[in-house]
Amino acid sequence: MSAGDSQPTGPDLAAGVEVDSLAEGQSLEGHVGSEAVLLVRSGGEFFAIGAKCTHYGGPLAEGLVVGDTVRCPWHHACFSLRSGEALRAPALNPVDRWAVERRGSKVQVTAKAPPVPARKSSPAAPRRVVIVGGGAAGNAAAEMLRREGFDGSLTLLSADTSVPYDRPNLSKDYLAGTAPEEWIPLRSEDFYAEQRIDLRLGTRVTGITPARHEVSLERGGTVPYDALLLATGASPVRPRLPGADLPHVFTLRSLADARAIIARATKGSRALVLGASFIGLEVAASLRARGVDVQVAAPDAIPMERVLGPELGRFVRKLHEEHGVVFHLGRTGQAIDSSAVTLSDGTRVPADLVVLGVGVRPVVDLAQAAGLEVDNGVLVDAALRSSVPDIFVAGDAARWQDARTGERMRVEHWVVAERQGQSVARTMLGGTAPFDDVPFFWSAHYDVTFSYVGHATQWDAARMEGTPEARDCRVELSAKGKVLAVITLGRDRQSLEAEVALAQGAR
């Protein structure tokens, strides 16, 4: 997705609009010259910023104003109305901000305001920060450290051979062939050089020595740190079944994985996806877009029922079947050979491409060997600090205490990982705010996108408004009368409102 090159619409904000035409908390999209601008009235003040989200170009006019911020309706990025700064991922770049003046009964947008001056970090900030992992959390932390004025040594160690990239797109538009590869990197190599981020690709860390404040590298040598972030993420589960290591069997976690699947996914080829996870079903949809014959085998009776509830689960199955996907539910894979997969009921499914989508597990070996407390992830406090001083953990490997339920949780969502990386960066520089963001993710299947806020591993009621067939519904998952998560389809603003409501409940 992108903002596109459409011409701006709405009133000419340079000419001005009547003050009374914009109520408190409302926004109006207009333009200044050829640039789309959003005018917002909040707290008795008027603000003007760029009208398109810098993540995927979402229309901020359809978003939600909360205090002196506005949230994007598509993927819940949050921008400051005062500075234009991208306060919360997934947007990493600011929007432009504009000067506003009241002249009589009108408010006018006069000129583009200069960038906000660079901040300076506290003298108490660490001199050397090392980040292990070049995924969502690691990249977001490195960027935020520089945005917050950190001027010390900053090293980002990534085992991947590609610069940090937009992982959610791997199973969506990129795999479907509707997003070119140049869209996938989050930044260019030049960006890291300009920001003085020592990005070391293809670099594996083999050990951490907390007593000496250093990490050891596979190629030899060590890197010293004053503060360390472990953003090691998770690795795909590869079930132990005969043939799982054959060359036409893949997992999807990296850009290299996606490239390999694309190379195999020729029109008319036959694919079997093992597992009806979000990733598995997104892969199924993307392969269908390439003209691949797709079948899905999973132990579930209803796809995604444990995550979405039974009604949305049945809708997901019907949606995929309408696009030609064949399901084998209540069955698992037993063996893979060069031309087929044998299922647990003896059925042989022809397949020259197999994708394993049966989940991931947190990568905790470095943390465990270093003496950090580990239990289905690395245990961290409200600031995402581990049991060892000066070592933080963010992303899929972190297990923290949920402010709303009091229970420990580990969430494998891209936006959560990015926001945790940003939170750790601020804490390293002296911030005291705990990480209490409400989890959010989105999942795209053909022309349908689900937005999910909150986190519900167990629930006893699923209440639906609207109908998924009309692409217009809202589902609340609750336990003992307490709403834990809200899923929406075609109701982006309600998803934002649910996120705010859940956050207020936690605080």
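Take the sequence shown: its position 12, counting from 1, is numbered -3 in my numbering, and each next residue is one higher. By construction, the Cβ of each residue, glycine as well, lies at the ideal position given by its N, Cα and C atoms. Here the structure is a predicted model, which is why all the values come from computation and not from measurement.
(message) Checking 8 Å against the spacing of the C-beta atoms, do R82 and A33 come in under that value?
(response) Counting from 1 along the sequence shown, the entry for residue 82 is found at position 97. Counting from 1 along the sequence shown, the entry for residue 33 is found at position 48. Cβ distance < 8 Å, so R82 and A33 count as in contact.
(request) May I have the straight-line CA-CA distance separating E397 from V25, to the nearest angstrom? (result) Working through the sequence shown from its first residue, we reach residue 397 at position 412. Working through the sequence shown from its first residue, we reach residue 25 at position 40. Approximately 34 Å, taken between the alpha carbons.
(request) Could you tell me the distance, in whole angstroms, from the CA atom of Q443 to the CA atom of G118? (result) Within the sequence shown, numbered from 1, the residue matching residue 443 stands at position 458. Within the sequence shown, numbered from 1, the residue matching residue 118 stands at position 133. Each residue's alpha carbon lies about 31 Å from the other.
(message) I'd like the list of long-range same chain contacts for G276, defined as Cβ closer than 6 Å, with 5 residues on each side in sequence excluded.
(response) In the sequence shown, the residue the question calls residue 276 occupies position 291. Once the five neighbours on either side are set aside, the close Cβ partners of G276 are K252.
(request) Assign A483 to one of three DSSP states: helix, strand, or coil. (result) Taking the sequence shown and counting its residues from 1, one reaches residue 483 at position 498. Helix, per DSSP.
(message) Given a cut-off of 8 Å on the beta-carbon distance, is the pair V485 and L49 in contact?
(response) Position 500 of the sequence shown, counted from the start, is the residue given in the question as residue 485. Position 64 of the sequence shown, counted from the start, is the residue given in the question as residue 49. Yes, the Cβ-Cβ distance between V485 and L49 is below 8 Å.
(request) For T188, count neighbouring Cβ atoms within 10 angstroms of its own Cβ and tell me buried if that reaches 16, exposed if not. (result) Start at 1 with the first residue of the sequence shown, and residue 188 comes out as number 203. By the neighbour-count rule (16 or more Cβ atoms within 10 Å), T188 is buried.
(request) Would you check if the distance between the CB atom of G356 and the CB atom of P224 is smaller than 8 Å? (result) Walking along the sequence shown from the start, residue 356 turns up at place 371. Walking along the sequence shown from the start, residue 224 turns up at place 239. Not in contact: G356 and P224 (Cβ atoms no closer than 8 Å).
(message) Just to confirm my understanding: we take A402, look at its own chain, exclude 5 residues before and 5 after, and list those with CB closer than 8 Å. What are they?
(response) One-based indexing of the sequence shown puts residue 402 at position 417. The answer, listed in chain order, is G120, A121, A122, A125, A216, G218, A379, G380 and D381.
(request) Go through the segment 347 to 433 residue by residue and report every complete run of the beta strand (DSSP E) that reaches 3 residues or more, in order. (result) 376 to 378, 383 to 386 and 425 to 430
(request) Might you give, ordered along the chain, the residues of its own chain that have their beta carbon closer than 8 Å to the beta carbon of R478, omitting 5 neighbours on each side? (result) Taking the first residue of the sequence shown as position 1, residue 478 is located at position 493. So the list reads E47, G48, L49 and P58, once near-sequence residues are dropped.
(message) So if DSSP puts Q93 in a beta bridge, which residue, or which two residues, is it bridged to?
(response) On the sequence shown, residue 93 is found 108 positions in, with the first residue counted as 1. Under DSSP, Q93 shares a beta bridge with E86.
(message) Under 8 Å: do the segment 54 to 70 and the segment 135 to 145 share three or more Cβ pairs, one atom per stretch?
(response) no
(request) Label A286 either buried or exposed according to how many other C-beta atoms from any shown protein chain fall within 10 Å of its C-beta, with 16 as the threshold for buried. (result) One-based indexing of the sequence shown puts residue 286 at position 301. By the neighbour-count rule (16 or more Cβ atoms within 10 Å), A286 is not buried but exposed.
(request) Can you grab the Cα-Cα spacing for the pair D330 / V423, in whole Å? (result) Start at 1 with the first residue of the sequence shown, and residue 330 comes out as number 345. Start at 1 with the first residue of the sequence shown, and residue 423 comes out as number 438. Distance between the alpha carbons of D330 and V423: 41 Å.
(message) Given a cut-off of 8 Å on the beta-carbon distance, is the pair E128 and L77 in contact?
(response) The residue given as residue 128 occupies position 143 in the sequence shown. The residue given as residue 77 occupies position 92 in the sequence shown. Contact flag set, yes.
(request) Determine the burial state of V493: buried for a count of at least 16 other Cβ atoms within 10 Å of its Cβ, exposed for fewer. (result) Any question about residue 493 goes unanswered here, given that the chain covers just -14 to 492.
(request) Hey, could you find the ends of the alpha helix (DSSP H) S271 is sitting in? (result) Taking the sequence shown and counting its residues from 1, one reaches residue 271 at position 286. Unbroken alpha helix (DSSP H) run through S271: F263 to A274.
(message) Measuring alpha carbon to alpha carbon, tell me which residue in A243, P335, E358 and L293 is nearest L155.
(response) The residue given as residue 155 occupies position 170 in the sequence shown. The shortest C-alpha separation from L155 is found at A243.
(request) Verify whether the separation of the beta carbon atoms of D375 and D211 is less than 8 Å. (result) In the sequence shown, counting from the first residue as 1, residue 375 sits at position 390. In the sequence shown, counting from the first residue as 1, residue 211 sits at position 226. Against a cut-off of 8 Å, the Cβ pair of D211 and D375 comes out as a contact.
(request) Check whether the Cβ atoms of L304 and Y437 lie closer than 8 Å to each other. (result) As a first step, residue 304 is located in the sequence shown; it is residue number 319 there, counting from the start. As a first step, residue 437 is located in the sequence shown; it is residue number 452 there, counting from the start. Their beta carbons are not under 8 Å apart, which means L304 does not touch Y437 by this criterion.
(request) Could you tell me which of V200, Q180 and L240 sits nearest to D158, measuring between CA atoms? (result) Reading the sequence shown from its first residue, position 173 is the one you call residue 158. Nearest C-alpha to D158: L240.
(message) Given this structure, state the Cα-to-Cα distance separating L462 from L7, to the nearest angstrom.
(response) Within the sequence shown, numbered from 1, the residue matching residue 462 stands at position 477. Within the sequence shown, numbered from 1, the residue matching residue 7 stands at position 22. Going by C-alpha positions, L462 is about 35 Å away from L7.
(request) Indicate, with yes or no, if the ligand SAH has a heavy atom lying under 7 Å from the CB of H430. (result) For the ligand SAH, the structure offers nothing, since it holds no ligand at all.
(message) Taking 8 Å as the threshold (C-beta atoms), are G362 and S262 in contact?
(response) Here the question's residue 262 lines up with position 277 in the sequence shown. Here the question's residue 362 lines up with position 377 in the sequence shown. No.
(request) Have a look at Q(-8) and S271 and give me their C-alpha separation to the nearest angstrom. (result) As a position in the sequence shown, residue -8 is number 7, starting the count at 1. As a position in the sequence shown, residue 271 is number 286, starting the count at 1. Computed Cα separation, rounded: 30 Å.
(request) Tell me whether H61 sits in a helix, a strand or coil according to DSSP, three-state version. (result) Here the question's residue 61 lines up with position 76 in the sequence shown. H61: coil per DSSP, three-state reduction.
(message) Quick check: what's the CA-CA separation for W399 versus G89?
(response) Taking the sequence shown and counting its residues from 1, the one referred to as residue 399 is at position 414. Taking the sequence shown and counting its residues from 1, the one referred to as residue 89 is at position 104. Spanning the alpha carbons of W399 and G89 requires a straight line of approximately 47 Å.
(request) Would you mind working out which of F312, H308, V279 and E307 sits nearest M289, comparing C-alpha positions? (result) Within the sequence shown, the letter at position 304 stands for residue 289. When only C-alpha atoms are compared, the closest one is F312.
(message) Does A336 come out as helix, strand or coil in the three-state DSSP assignment?
(response) Position 351 of the sequence shown, counting from 1, holds the residue named residue 336. Coil, per DSSP.
(request) Determine the DSSP secondary structure at I169, reduced to helix, strand or coil. (result) To locate residue 169, count along the sequence shown from 1; it is residue 184. Looking at I169 - three-state DSSP - the assignment turns out to be coil, as it is neither helix nor strand.
(message) So within the segment 289 to 327, which uninterrupted alpha helix (DSSP H) runs reach at least 4 residues, ignoring any that extend past its ends?
(response) If one requires a minimum length of 4 residues, the alpha helix (DSSP H) runs lying completely within the segment 289 to 327 are 290 to 293 and 295 to 307, in chain order.
(message) Comparing C-alpha positions only, which one of V114, F426 and L72 sits nearest to F377?
(response) Translated into the one-based positions of the sequence shown, residue 377 becomes position 392. Closest option to F377, Cα to Cα, is V114.
(message) Could you tell me the alpha carbon to alpha carbon distance between Q180 and L72, rounded to whole angstroms?
(response) Along the sequence shown, one-based indexing puts residue 180 at 195. Along the sequence shown, one-based indexing puts residue 72 at 87. Their Cα atoms are separated by approximately 19 Å.
(request) Check D285 in the structure and name its three-state DSSP category. (result) Within the sequence shown, the letter at position 300 stands for residue 285. Here DSSP, grouped into helix, strand and coil, assigns D285 to coil.
(request) Could you spell out the range, first to last residue, of the beta strand (DSSP E) harbouring F31? (result) Here residue 31 refers to the residue found at position 46 when the sequence shown is read from its first residue. For F31, the enclosing beta strand (DSSP E) covers residues E30 to G35.
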